[in-house]
Amino acid sequence: MSINYSIAMLGNPIDEDAPKKAYAKSQYTNILTLDKFAQHIASHGSKYNRADIYAVLMQTVDCMREMLLEGKRIEMGDLGVFSVSIQSQGAESLEAFNPAIHIEQLNVNWSPGDRFRNLLDNAVFNLVPSRRAAKILLKSIKAGETTVDLTGGEGGGNEADQPTEGQV
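Positions 136 to 303 (my numbering) are the ones given, in order, by the sequence shown.
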C-alpha cells in the first residue's frame, strides 16, 4: 500500500514576489464509503458481519454528534479526540454579543490519537500525475491522439482542462 502524490509549483501567499516552490499534493485512489469501510472491517476476521459493524458505526456517528452538540469533548483512545470550536464575528461589546447573529460556524475538530500521529513513519509514497493531467491524458487517449500537450498550447484542450503551471 502506498500514498499517491503529485507535485505542484506553488507561490507563497504571504510573499507574492517569492519564487514558486515544488510541493507534494496527495492524490487519493478512491473514496471508501461507510458501507465499504464496514465491509473492510468485517473482512479482518471479525465475528461481526458488515451489517452489524455498519450499525455500530452509524450509532457511533449519531452519539458523537449528540455529545458534541452538548459541548462535550470525546476522547476515543488511539482514534483521537473530537471537539467543537466556534467561528464568530466580533461584537462591539459583551452586551451586544448575540450568538444567533455573531456565531457563524460550529466546526468539528479532530486531534489524532497515538496510532494516527506518526503515519509518516510507516508511509510509502508513489509519484503519480495530478488529477487534471490524468484527465487531459485520458481525454487525448479516447480521442486517439498519440501526443498530449499539457502546456495549454494548441491541441492541449481548453484552458480549464489544463493543469496549473508546474503541476504534474
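Note that CB positions come from ideal geometry on N, CA and C, so glycine has one too.
The distance from the Cβ of M202 to that of G248 is about 17 Å, inconsistent with a contact at the 8 Å cut-off. Of all alpha-carbon atoms in S223, W245, S228 and V243, the one lying nearest the alpha-carbon of I236 is that of S223. Between K160 and Y140, the C-beta gap is smaller than 8 Å, which places the two residues in contact. At a Cβ-Cβ threshold of 8 Å, L145 and Y163 do not count as neighbours. Runs of the beta strand (DSSP E) lying entirely within the region 147 to 173, each at least 3 residues long, are 156 to 161 in chain order. Listed in chain order, the non-local C-beta contacts of F251 below 8 Å within the same chain comprise D213, L214 and G215, local neighbours out to five positions each way being set aside.
One alpha carbon belongs to S218, the other to V196, and they sit about 13 Å apart. Residue environment for I271: buried (at least 16 other C-beta atoms within 10 angstroms of its C-beta). Taking each of N165, K171, I221 and T281 in turn and checking the Cα distance to Y189, the smallest one comes out for K171. Given a length threshold of 4 residues, each whole run of the alpha helix (DSSP H) inside the region 251 to 281 is given here in chain order: 254 to 257 and 266 to 277. Here L285 is buried. Its C-beta has 16 or more other C-beta atoms within 10 Å.
Straight-line measurement puts the Cα of S265 at about 21 Å from the Cα of P154.
Counting only runs of 4 or more residues that sit fully inside the region 204 to 251, the alpha helix (DSSP H) segments are 234 to 237, in chain order.
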